[in-house]
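Using my numbering, read the sequence shown as starting at 278 and increasing by one per residue. Comments concern the structure below.
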Amino acid sequence: MNKLHSQRGAGPLGIIVVIVVLVIIGLIIIAVTNQSTPPPPSQAPGTTSTCFTYSLGFLEFQCGDNKFMGASFGIWDCKAEIGAHQCR
278 MNKLHSQRGA
288 GPLGIIVVIV
298 VLVIIGLIII
308 AVTNQSTPPP
318 PSQAPGTTST
328 CFTYSLGFLE
338 FQCGDNKFMG
348 ASFGIWDCKA
358 EIGAHQCR
């Protein structure tokens, strides 16, 4: 028998597990980063100035109050100053 024929690649379940693990790692990194650096006064909830976002791979949140902003592709924290928008 041919050994190469009997070997399988990563199936759909393996790919999903890898994605879930990466998102969990991203959540941990963002949580640690956000707790160690308080948001600047201009990003305090209720103000109307420029705010930025952070991303966990597929989800994007507003820095400071963690409001859900939408879908995203990538991982970055508040220090990157990506996603400039008017604070909600």
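C-beta atoms are modelled at their ideal positions from N, C-alpha and C, and glycine is treated no differently.
{"Check": "Just how far apart, CA to CA, sit C340 and S332?", "Outcome": "10 Å"}
{"Check": "What residue does the beta strand (DSSP E) around C328 start on, and which one ends it?", "Outcome": "T327 to Q339"}
{"Check": "Under 7 Å between the Cβ atoms of T327 and E337?", "Outcome": "no"}
{"Check": "On the premise that V300 lies in contact with G334, defined as a C-beta separation below 8 Å, what is that separation, rounded to the nearest angstrom?", "Outcome": "5 Å"}
{"Check": "Name the one or two DSSP bridge partners that A357 has.", "Outcome": "Beta-bridge pairing links A357 to no other residue."}
{"Check": "Would you say E358 faces chain D, with C-beta separation under 7 Å as the test?", "Outcome": "Protein chain content of the structure displayed is limited to a single chain, and chain D is not contained in it."}
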